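Our numbering applies: residue 606 is where the sequence shown begins, and numbers increase by one. For each residue, glycine too, the CB sits at the ideal point set by N, CA and C. Keep in mind it's a predicted model, so treat the numbers as computed, not measured.
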Amino acid sequence: MDIIIDIIRSLERQVNVDKLKLIKIVTNKLEE
């Protein structure tokens with residue numbers, strides 16, 4: 606079961622990274 610929890614956590618981290626990338630892109634476009 607621990608392996609499943611690890612996979613879920615790594616997926617959550619990836620989603621958070623994607624959100625950060627999106628936020629950076631959006632703020633960059635707003636600053637232009």
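- For Glu-617, the enclosing alpha helix (DSSP H) has its first and last residue at 607-636.
- The alpha-carbon separation between Lys-634 and Arg-618 amounts to approximately 25 angstroms.
- Note on geometry: alpha-carbon atoms of Glu-637 and Asn-621 lie some 25 angstroms from one another.
- Straight through space, the alpha carbons of Ile-630 and Ile-608 are spaced by roughly 33 angstroms.
- Exclusion of the five residues before and after Ile-610 leaves no residue of its chain whose Cβ lies closer than 8 angstroms to its Cβ.
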